[in-house]
Each structure stands twice: as structure tokens, then as C-alpha cells.
Amino acid sequence: MMAMTTTAHPTGCPGYSESLPREPESAALARRLVRTSLHAWGLDLLAADAAVIITELVANSVRHARRESIRVTVERPAEYRVRLGVVDFSKQRPVRGTAGPEDEAGRGLVLVEALAAEWGTELLPWGKRVWAELEGER
């Protein structure tokens, strides 16, 4: 069992993170962490888009990263803004695919880009963090 961590942030709202096994089933655990965090903050309206985004970010890490675990983060950098992230041990930046109509893969980052206010990659000394931000209604 992996541990969940709570961290204080300047907004006064805690951030949440959880280390998960690098396997496809972890997407469901990541969605639960995101839903729980959004509910605690009263931002349930972001849950559907956040679930799609975190699923795609986890899927990319499962597919392309190394080592046995990933770290999922949910932060609230501003009152109406949420940042979702997945940290892994690969330094390879994700590349937005160009999937054809019959392709079963290659649309993940296209979906992230369409649903997120912003997204990007932060290189770390031992890997990377891929993140996406959602903006709630004021």
C-alpha cells in the first residue's frame, strides 16, 4: 500500500499526493485522489474534466516511464485553480500525438490540451513532472 501525503500551500489549502504502482490500474486510484481533493475544496464541477486529464497523464507514465512507481499530485495554486500532476523517473518529455480516426492511441495529450487551461512538463534531476491546470468558475 502506498502512502498519501498532505502538504500546506500559500493558498491555505492543502495539496495532496500519493505514490502509486506504475500500472494501468493506478489510473482509478489517481481519479479517486483527484475527486476526493476537489470535493474537499468545493470544486466538484471540475471532477469530470480532471478525471479525464489525470487518467491520460497516468497512462503516459505507465506506458513510457521506468521504475515501479509514479507520484500523483493535486494542488490548488489559486482559489479557483487546480493543478494535477504525475511525477515519474523518465526525463523524456511527452509528445502530443497525431492520431487518425481509426487509431486506438495517440489522443491523450490532445484531450489534456483541450480540457486544461494550461499544461506542461517540468524536468527534475531524476525525472519529470507532467502537469495540467484547470480553472473553476469564480
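Just so we're aligned, residue 1 is where the sequence shown starts under full-length UniProt numbering, counting upward by one.
Glycine included, C-beta positions come from ideal geometry on N, C-alpha and C.
C-beta atoms of ILE54 and ALA78 nearer than 9 Å | no
Return the chain-ordered ranges of every beta strand (DSSP E) run that is complete within the UniProt domain "Histidine kinase/HSP90-like ATPase" (21 to 119) and spans a minimum of 3 residues.
-> 69 to 78, 81 to 88
Touching or not, the stretch 117 to 134 and the stretch 79 to 92, by the rule of three or more beta carbon pairs under 8 Å?
-> yes
Ordered along the chain, which non-local residues of its own chain (more than five positions away) have a Cβ less than 7 Å from that of GLU68?
-> PRO21, ARG22
Proximity of VAL86 and LEU57 at Cβ, strictly below 9 Å = yes
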